[in-house]
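Novice: Dropping a structure here in structure tokens format, bear with me for questions.
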Amino acid sequence: MAYDDNQSKHDGSDYDSASIEVLEGLDGVRMRPAMYIGSIDEHGLHHLVYEVVDNAIDEAMAGYCSNIEVILREDGSVEVKDDGRGIPTDPHSVLKVSALEVVMTKLHAGGKFKKDAYKVSGGLHGVGVSVVNALSLWLEVFVDRGQKRYMQRYERGKPVAPVSVVGGSPSGSRGTAVRFMPDPKIFTTTEFKFTTLSTRLREMAFLNSGLRIGLTETSTSKKEEFFFEGGLVSFIKWLDKNRTPIHSEPISLSGQKEGTSLELAMEWTDGYVENIHSYANNINTIDGGTHMSGLKSALTRVLNDYGKKEDVLKKDEILSGEDVREGLTCVISVKIPEPQFEGQTKTKLGNSEVKGYVETIVSEGLKEYLEEHPREAEKIILKSRQAAQAREAARKARELTRRKGLLESSGLPGKLADCQSKDPAISELYLVEGDSAGGSAKQGRDRAFQAILPLRGKILNVEKARLDKILSNNEIRSMITALGCGIGDEYDQKQLRYHKIIIMTDADVDGAHIRTLLLTFFYRYMSDIVLGGFLFVAQPPLYKLKKGKQEFYCFTDRRKDELVAELGQGVYVQRYKGLGEMNPEQLWETTMDPDSRTLVKVTVEDAILADEMFTILMGDQVQPRKEFIEEHALEVTELDV
Ligand code: 0RA
């Protein structure tokens, strides 16, 4: 074995025999990949890259790494290079092979070696580079350390040779390069997407100011470089690039308490939606948690106190949490030694002590800002005050909705054809574009558990309207009443009447528009419905093919072309322009029958991308929308917002 090590003692003392108990082989990972990376689809695939990048970012958080380079190679492999300390290569005290081999081939070995800094752990993150190795057809790791360059190659997680020295490290530099080919036997797709990676890497660069992250795709020569000295302030400016702030510079706060550090940047815009992104140890906590609660209470309390003290608010005027967060864009990032992630997707921070820390740091910082910037402070309070007034008007509108509801015997909207079941777990609500399709759906459905609510005309764009206006919109009011769960801060999961809410629109441009408007509404005002996995999009067929007595439905252009070629001459092709062209039986068969339909679940994989998409698609500015649609012509119809 061409393997020799001359590193300092310190590197070797970071791990010892105690760690052996937790070291396991990788067979389990190949047997149950989803347990380790969430899924074996596109998301799981990209997770492999994030896993290696997260390790490099751990090095950056510990202060040892300032450059990360991600390269998509023409052969379909990915390379992640960093200038961190390099994975240790000296012989493991118990296993007697190179520590590098242990880190790459044993489960959970990585974390055990690293005691310092804030580890990315919990959830699906921090499972270790060995998981990436296990799920790769081949993987090559290069480590520059102690004046040498080491390398080892693995196939499906197994070393093909011991660690070897392949040269010297150039001018004593240190670092790790991991190059791998995802295993097509494991993944449903092995094609990495530049935009998916660039969104995530940009986010990482914002969260770790001073860290440079590069992304290159060799086949197209596409290249991006992310480096933000401004950290979260740059993040806020980027998030609000299509919005108009109401004060001059983003507010930036930071502080530390008992080993927890907090960074925050925020600004109020003239918009109406609340846009807070929270992170714990660089993990996007889309379900919020204790840092989010601490932030929200600090905002409400400090703005009320200041408003009263400076007479911007009258004695009896009280700003609610929703009022002060109207139009607010905020990024909060905490770093904690032992993060606890909760919830099904492990995206909610659970550490209870964090709430108090965040509340204190934000209260002090914001108070100071308001006192030093009285003109900005006034703008912010006046904006919240307007929100409060609109909220009052909205309350009246809502009461009207309730009272009107009471006059009709059931309290449900007249257009709703409800289902017989009262069990939300099995009940479905179809939101159907147009009265005629609504009619077919009502006749075709299984009334035992399927309810139909036809929506007429355009849905209001909630991105451009305040709550009072939103609540005076008939279609939106019917939806809220039918769902039964309330909206915004009043949302109550227990009252939700259907656990499948299915958007069913025509397969044309108008249909796509209505679908986007509905998605925007749910994402902005009932995000728990989206996060809870209750929102779906129906997939009506695009074509009906007929040959003799045989009929076929096609859901994609490709399938139609294939089938036309297969069936040959004399096949009759009908393009469905709208749902209304199908009779009730056809609609049931193709789109509503649980045994044969396809539903696409709407997920928020990436809150940053979702926010960008909705501000661009639904906001005021026309130019970015044009560019976005030209650039993403195909993706806009995709539902993974
Ligand atoms: C184990 C221990 C140390 C660093 C790493 C692993 C490490 C892993 C990866 C994966 C990609 N890049 C990486 N960089 C470092 C600590 C090393 C020390 O104490 O010197």
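One gets the working numbering by counting positions in the sequence shown from 1 and adding 155 to each. Think of the CB as a built atom: it goes at the ideal place given N, C-alpha and C, for glycine as much as any other residue.
With 16 as the cutoff for other CB atoms within 10 Å, does SER376 come out buried or exposed?
Specialist: Looking up residue 376 in the sequence shown gives position 221. Exposed, because fewer than 16 other Cβ atoms sit within 10 Å of the Cβ of SER376.
Novice: I need the straight-line Cα distance from LEU554 to ILE635, nearest angstrom please.
Specialist: Taking the sequence shown and counting its residues from 1, the one referred to as residue 554 is at position 399. Taking the sequence shown and counting its residues from 1, the one referred to as residue 635 is at position 480. The sequence given here places Glu at residue 554; Leu does not occur at that position. Their backbone Cα atoms lie some 13 Å apart in a straight line.
Novice: Could you check whether the Cβ of VAL284 sits closer than 6 Å to any heavy atom belonging to the ligand 0RA?
Specialist: Locating residue 284 in the sequence shown gives position 129, where the first residue counts as 1. Yes, since a heavy atom of the ligand 0RA falls inside the 6 Å radius drawn around the Cβ of VAL284.
Novice: State the Cα-Cα distance for the pair ARG780 and LYS702, rounded to the nearest angstrom.
Specialist: Counting from one through the sequence shown, the residue named residue 780 turns up at place 625. Counting from one through the sequence shown, the residue named residue 702 turns up at place 547. Their backbone Cα atoms lie some 43 Å apart in a straight line.
Novice: Would you report the Cα separation of VAL467 and ARG670, rounded to the nearest angstrom?
Specialist: As a first step, residue 467 is located in the sequence shown; it is residue number 312 there, counting from the start. As a first step, residue 670 is located in the sequence shown; it is residue number 515 there, counting from the start. Answer to the nearest angstrom: the Cα atoms are 41 Å apart.
Novice: Using 8 Å as the threshold, is the region 525-542 in touch with the region 393-407, meaning 3 or more CB pairs across them?
Specialist: yes
Novice: Decide if ALA254 is buried, meaning its Cβ has at least 16 other Cβ atoms within 10 Å, or exposed.
Specialist: Counting from 1 along the sequence shown, the entry for residue 254 is found at position 99. ALA254 is buried by the Cβ-count criterion.
Novice: For LEU797, write down the residues that DSSP places opposite it in a beta bridge.
Specialist: Any property of residue 797 remains undetermined from this structure, which presents the chain solely from 156 to 796.
Novice: Specify whether the region 640-653 and the region 725-740 touch according to this definition: at least 3 beta carbon pairs, one from each stretch, less than 8 Å apart.
Specialist: no
Novice: Are the Cβ atoms of ILE657 and PHE691 separated by less than 7 Å?
Specialist: Along the sequence shown, read from residue 1 onward, the residue named residue 657 stands at position 502. Along the sequence shown, read from residue 1 onward, the residue named residue 691 stands at position 536. For the pair ILE657 and PHE691, the CB atoms are nearer than the 7 Å cut-off.
Novice: Do VAL513 and HIS446 have their C-beta atoms within less than 7 Å of each other?
Specialist: By one-based count along the sequence shown, residue 513 stands at place 358. By one-based count along the sequence shown, residue 446 stands at place 291. Yes, Cβ-Cβ distance for VAL513 and HIS446 is below 7 Å.
Novice: Within the continuous beta strand (DSSP E) that includes VAL489, where are the two ends?
Specialist: Counted from its first residue, the sequence shown places residue 489 at position 334. 483-490 is the span of the beta strand (DSSP E), which, as asked, contains VAL489.
Novice: Could you name each continuous alpha helix (DSSP H) segment of 4 residues or more that falls completely within the region 207-241, going from the start of the chain to the end?
Specialist: none
Novice: Closest to GLY666 by C-alpha separation, out of GLN694, GLY643 and GLU588, would be which residue?
Specialist: The residue given as residue 666 occupies position 511 in the sequence shown. For the residues GLN694, GLY643 and GLU588, the minimum Cα distance to GLY666 belongs to GLU588.
Novice: State buried or exposed for SER285, treating a residue as buried only when at least 16 other CB atoms are found within 10 Å of its CB.
Specialist: Numbered from its first residue, the sequence shown carries residue 285 at position 130. Buried.
Novice: Note down the Cα distance separating THR260 from PRO314, rounded to an integer number of angstroms.
Specialist: By one-based count along the sequence shown, residue 260 stands at place 105. By one-based count along the sequence shown, residue 314 stands at place 159. Going by the C-alpha atoms only, they are around 8 Å apart.
Novice: Quick check on DSSP: helix, strand or coil for GLN705?
Specialist: As a working note, residue 705 is residue 550 in the sequence shown. Looking at GLN705 - three-state DSSP - the assignment turns out to be strand.
Novice: Take ARG546 and list the residues in its own chain whose beta-carbon comes closer than 8 Å to its own, dropping the five residues that flank it on each side.
Specialist: Looking up residue 546 in the sequence shown gives position 391. Excluding residues within five positions, the ones whose Cβ falls inside 8 Å are SER475, GLU477, ASP478, LEU622 and ASP623.
Novice: If we ignore side chains and look at the alpha-carbon of each, how far apart do VAL777 and ILE614 end up?
Specialist: Looking up residue 777 in the sequence shown gives position 622. Looking up residue 614 in the sequence shown gives position 459. If you take the alpha carbons of VAL777 and ILE614, they lie about 19 Å apart.
Novice: With hydrogens ignored, establish whether the beta-carbon of ASP237 is closer than 6 Å to any heavy atom of the ligand 0RA.
Specialist: Counted from its first residue, the sequence shown places residue 237 at position 82. Yes, the ligand 0RA has a heavy atom inside 6 Å of this Cβ.
Novice: Just to confirm the assignment, what range does the beta strand (DSSP E) spanning LEU430 have?
Specialist: Here residue 430 corresponds to residue number 275 of the sequence shown, with the count starting at 1. The sequence as given places Asn at residue 430; Leu does not occur at that position. Segment 430-435, the beta strand (DSSP E) holding ASN430.
Novice: Just to confirm my understanding: we take PRO579, look at its own chain, exclude 5 residues before and 5 after, and list those with CB closer than 8 Å. What are they?
Specialist: By one-based count along the sequence shown, residue 579 stands at place 424. Cβ-Cβ distances below 8 Å link PRO579 to LEU651, ARG652, TYR653 and HIS654 in the same chain, with the five nearest sequence neighbours on each side left out; the list follows chain order.
Novice: Would you check if the region 455-474 and the region 370-387 touch, i.e. whether three or more CB-CB distances between them fall below 8 Å?
Specialist: A contact between stretches requires three or more CB pairs, one per stretch, nearer than 8 Å, and the region 370-387 fails this requirement with the region 455-474.
Novice: How many Å lie between ALA542 and LYS534 at the Cα?
Specialist: In the sequence shown, counting from the first residue as 1, residue 542 sits at position 387. In the sequence shown, counting from the first residue as 1, residue 534 sits at position 379. So the two alpha carbons sit approximately 12 Å from each other.
Novice: What whole-angstrom Cβ distance do LEU584 and ALA606 have, given they're in contact under 8 Å?
Specialist: Taking the sequence shown and counting its residues from 1, one reaches residue 584 at position 429. Taking the sequence shown and counting its residues from 1, one reaches residue 606 at position 451. That belief holds up - the Cβ atoms of LEU584 and ALA606 are roughly 5 Å apart, short of 8 Å.
Novice: Going by DSSP in three states, ASP271 sits in which element: helix, strand or coil?
Specialist: Mapped onto the sequence shown, residue 271 falls at position 116. Low local confidence applies: a pLDDT of 48 at ASP271 is under 50, so the model's placement there is unreliable, and no value is given.
Novice: Using a threshold of 7 Å, state whether the C-beta atoms of GLU497 and LYS503 are closer than that.
Specialist: Within the sequence shown, the letter at position 342 stands for residue 497. Within the sequence shown, the letter at position 348 stands for residue 503. Yes, the pair counts as a contact, with Cβ atoms nearer than the cut-off.
Novice: By Cβ distance, which residues of its chain are closer than 6 Å to ASP271, with the 5 residues on each side in sequence left out?
Specialist: Taking the first residue of the sequence shown as position 1, residue 271 is located at position 116. Only weak support exists for where ASP271 lies, its pLDDT of 48 falling under 50; the coordinates are left without a value.
Novice: If you run the structure through DSSP and keep just helix, strand and coil, what is SER353?
Specialist: For the purposes of this step, residue 353 is taken as the residue at position 198 of the sequence shown. If DSSP states are grouped into helix, strand and coil, SER353 belongs with the helices.
Novice: Taking only the alpha-carbon atoms, compute the straight-line gap between GLY278 and THR500 and give it to the nearest angstrom.
Specialist: Mapped onto the sequence shown, residue 278 falls at position 123. Mapped onto the sequence shown, residue 500 falls at position 345. At GLY278, the pLDDT of 42 sits below 50, so the modelled position is not reliable and the matter cannot be decided from this model.
Novice: Taking the straight line between their C-alpha atoms, what separation do you get for ARG228 and LEU203?
Specialist: As a working note, residue 228 is residue 73 in the sequence shown. As a working note, residue 203 is residue 48 in the sequence shown. Taking the straight line joining both Cα atoms gives about 15 Å.
Novice: Buried or exposed: which applies to THR147, given that a residue is buried once 16 or more other Cβ atoms fall within 10 Å of its Cβ?
Specialist: No answer is possible for residue 147: it lies beyond the span of the chain, which begins at 156 and ends at 796.
Novice: Looking only at its chain, what residues have a beta carbon closer than 7 Å to the beta carbon of LEU794, apart from the 5 residues adjacent to it on each side?
Specialist: For the purposes of this step, residue 794 is identified with residue 639 of the sequence shown, where counting begins at 1. Any reading at LEU794 must be qualified, since the residue scores a pLDDT of 41, below 50, and its modelled position is unreliable; the value itself is stated next. So the list reads VAL692, VAL755 and VAL757, once near-sequence residues are dropped.
Novice: Taking 6 Å as the cut-off, is the CB of ARG240 close to at least one heavy atom of the ligand NAP?
Specialist: With respect to small molecules bound, the structure shown includes the ligand 0RA and not the ligand NAP.
Novice: Can you tell me whether DSSP reads LYS570 as helix, strand or coil?
Specialist: Numbered from 1 along the sequence shown, position 415 holds the residue referred to as residue 570. In the structure shown, LYS570 sits in coil (DSSP, three-state: anything other than H, G, I, E or B).
Novice: What's the gap between the Cα of GLU760 and the Cα of GLN724?
Specialist: Indexing the sequence shown from 1 puts residue 760 at position 605. Indexing the sequence shown from 1 puts residue 724 at position 569. Distance between the alpha carbons of GLU760 and GLN724: 44 Å.
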